[in-house]
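K.L.:
Note that my numbering has the sequence shown beginning at 36, numbered continuously upward. The beta carbon of each residue, even a glycine, is placed where N, CA and C say it ideally should be.
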Amino acid sequence: PPVCGDNVCEGEEKPENCPVDCGPPPPVCGDNKCEGDETYESCPGDCEPPEPVAADDTDSDGLTDDEERRIYGSNPTEPNSDNDSFVDLNEVLNLFDPAQAEPGQLLDNPGITLYRNVNFGFDIYRPSSWRVSEDEELQQVSFAAPDGETILIRAESKPVNQALLDWYLEQSPGVNRSQVEVLTTRQGYARVVSPDRMTNYISDGDKVLVMSYDLGGELTIRYRVTFAMMANSLQIMAAESPAE
36 PPVCGDNVCE GEEKPENCPV DCGPPPPVCG DNKCEGDETY ESCPGDCEPP EPVAADDTDS
96 DGLTDDEERR IYGSNPTEPN SDNDSFVDLN EVLNLFDPAQ AEPGQLLDNP GITLYRNVNF
156 GFDIYRPSSW RVSEDEELQQ VSFAAPDGET ILIRAESKPV NQALLDWYLE QSPGVNRSQV
216 EVLTTRQGYA RVVSPDRMTN YISDGDKVLV MSYDLGGELT IRYRVTFAMM ANSLQIMAAE
276 SPAE
């Protein structure tokens with residue numbers, strides 16, 4: 036009869052009854068354990084996805100090649116496409132056109148369009164080629180890139196005198212203040228950026244607009260600068276006073 040422990044897997048010996056001879060049992064996809072040669076691609080139910088990585092940026096100017104080619108029409112091999120005094124990244128974040136010599140405004144670029152939503156009370160710059168969907172029930176607007184990545188905006192509210200950072204930390208009990216970036220948008224609104232930089236909270240008084248970046252299962256981040264540009268461009272409409 037086979038002897039378990041003789042370094043020979045034989046007879047009725049199996050990984051389950053004699054792992055010392057036959058090795059460990061093969062991994063089972065669906066057992067909530069990521070083991071052996073299982074990966075997120077082969078067994079997403081057991082394995083966590085890898086951290087997303089930034090898309091190619093040939094000229095290292097901060098804008099990905101996808102952003103430059105598909106949205107702004109700037110040169111992905113030149114950090115200063117229009118040969119003015121500012122690199123493409125700074126122009127986009129400050130709402131200037133990187134493909135046109137100063138003082139070209141970003142709205143002059145055919146790749147960018149102004150979107151207005153009166154019901155939700157905001158204006159924002161958006162890529163012209165992206166699909167827009169509005170969901171009044173969820174109080175949410177989505178801007179979908181052709182490759183599946185989506186930027187979502189939903190409306191929330193907070194006490195008018197409560198600081199945006201304090202409100203955010205109340206909603207996110209597992210987050211420390213030191214993990215959060217606090218900024219001011221180009222329009223002068225308070226802006227809080229989540230630790231993973233995938234959600235922005237922008238407020239003027241009691242209204243909070245929550246902008247989130249959904250990769251849609253993609254493992255490459257193509258539009259992070261465009262996400263920040265949209266946050267900088269957002270303008271919150273003043274609430275109308277009730278009629279006398």
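1) Secondary structure at residue 214, three-state DSSP: helix, strand or coil?
2) Could you give the distance in angstroms between the alpha-carbon of residue 135 and the alpha-carbon of residue 103?
3) Would you identify the three-state DSSP class for residue 198, choosing helix, strand or coil?
4) Leaving out five residues before and five after residue 70 in sequence, what residues of the same chain have Cβ atoms less than 6 Å from its Cβ?
5) Give me the DSSP bridge partner(s) of residue 187.
6) In chain order, which beta strand (DSSP E) runs of at least 3 residues are fully inside the segment 121-174?
7) Can you tell which of 88, 46 and 72 has its C-alpha closest to the C-alpha of residue 258?
8) Are residue 130 and residue 221 touching if we call contact CB-CB under 8 Å?
9) For residue 235 versus residue 128, is the C-beta spacing smaller than 8 Å?
10) State the CB to CB distance for the pair residue 181 and residue 168, rounded to an integer number of angstroms; the pair is presumed to be in contact (CB under 8 Å).
11) How would you call residue 262, buried or exposed, if buried means at least 16 neighbouring beta carbons within 10 angstroms?
12) Could you give the C-beta distance for residue 244 and residue 271, rounded to a whole number, given that I count them as a contact under 8 Å?
13) Buried or exposed: residue 84, going by 16 or more other Cβ atoms within 10 Å of its Cβ?
14) Taking just the CA atoms, how far does residue 110 sit from residue 260?
15) What does DSSP give as the partner residue(s) for residue 236 in the beta ladder?
16) Measuring only the C-alpha atoms, how far is residue 58 from residue 68?
17) Which first and last residues belong to the alpha helix (DSSP H) in which residue 265 is found?
18) Going by the CB atoms, is the gap between residue 146 and residue 108 shorter than 8 Å?
19) In three-state DSSP terms, what is residue 55?
20) Is the segment 114-122 in contact with the segment 200-214, if contact means three or more CB pairs nearer than 8 Å?
21) Measuring only the C-alpha atoms, how far is residue 238 from residue 225?
22) Could you pull out every residue in the same chain whose Cβ sits closer than 6 Å to the Cβ of residue 60, ignoring the five residues on either side in sequence?
P.N.:
Straight from the coordinates:
1) Within the sequence shown, residue 214 is the residue found at index 179, counting from 1. Here residue 214 sits in helix by DSSP.
2) Numbered from 1 along the sequence shown, position 100 holds the residue referred to as residue 135. Numbered from 1 along the sequence shown, position 68 holds the residue referred to as residue 103. So the two alpha carbons sit approximately 13 Å from each other.
3) Stepping through the sequence shown from its first residue, residue 198 is reached at position 163. Residue state, collapsed to three classes: coil.
4) For the purposes of this step, residue 70 is taken as the residue at position 35 of the sequence shown. Around residue 70: 62.
5) Start at 1 with the first residue of the sequence shown, and residue 187 comes out as number 152. Its beta-bridge partners are 177 and 247.
6) 147-152, 157-162 and 166-170
7) On the sequence shown, position 223 is the one that residue 258 refers to. Comparing Cα positions, the closest option is 88.
8) For the purposes of this step, residue 130 is taken as residue 95 along the sequence shown, with counting starting at 1. For the purposes of this step, residue 221 is taken as residue 186 along the sequence shown, with counting starting at 1. In this structure, residue 221 lies closer than 8 Å to residue 130 by Cβ.
9) Sequence index remark: in the sequence shown, residue 235 carries index 200 (1-based). Sequence index remark: in the sequence shown, residue 128 carries index 93 (1-based). No. Outside cutoff.
10) The residue given as residue 181 occupies position 146 in the sequence shown. The residue given as residue 168 occupies position 133 in the sequence shown. No, residue 181 and residue 168 are not in contact; Cβ-Cβ is about 14 Å, not under 8 Å.
11) Position 227 of the sequence shown, counted from the first residue, corresponds to residue 262. Looking at its Cβ environment, which holds 16 or more other Cβ atoms inside 10 Å, residue 262 is buried.
12) In the sequence shown, residue 244 corresponds to position 209, counting from 1. In the sequence shown, residue 271 corresponds to position 236, counting from 1. Their Cβ separation, rounded to whole angstroms, is 7 Å, which keeps residue 244 and residue 271 in contact under 8 Å.
13) The count along the sequence shown starts at 1 and reaches residue 84 at position 49. It is exposed - the Cβ of residue 84 has fewer than 16 other Cβ atoms within 10 Å.
14) As a position in the sequence shown, residue 260 is number 225, starting the count at 1. As a position in the sequence shown, residue 110 is number 75, starting the count at 1. Going by the C-alpha atoms only, they are around 16 Å apart.
15) Here residue 236 is taken as the residue at index 201 of the sequence shown, counted from 1. Bridge partners of residue 236: 227 and 245.
16) The residue labelled residue 58 in the question sits at position 23 within the sequence shown. The residue labelled residue 68 in the question sits at position 33 within the sequence shown. Cα to Cα, the separation comes out at about 18 Å.
17) For the purposes of this step, residue 265 is taken as the residue at position 230 of the sequence shown. Per DSSP, residue 265 belongs to the alpha helix (DSSP H) from 259-268.
18) Residue 108 sits at position 73 when you count from the first residue of the sequence shown. Residue 146 sits at position 111 when you count from the first residue of the sequence shown. Taking 8 Å as the Cβ cut-off, residue 108 and residue 146 qualify as a contacting pair.
19) Walking along the sequence shown from the start, residue 55 turns up at place 20. Three-state result, residue 55: helix.
20) no
21) Walking along the sequence shown from the start, residue 238 turns up at place 203. Walking along the sequence shown from the start, residue 225 turns up at place 190. Distance between the alpha carbons of residue 238 and residue 225: 6 Å.
22) Counting from one through the sequence shown, the residue named residue 60 turns up at place 25. Once the five neighbours on either side are set aside, the close Cβ partners of residue 60 are 50 and 51.
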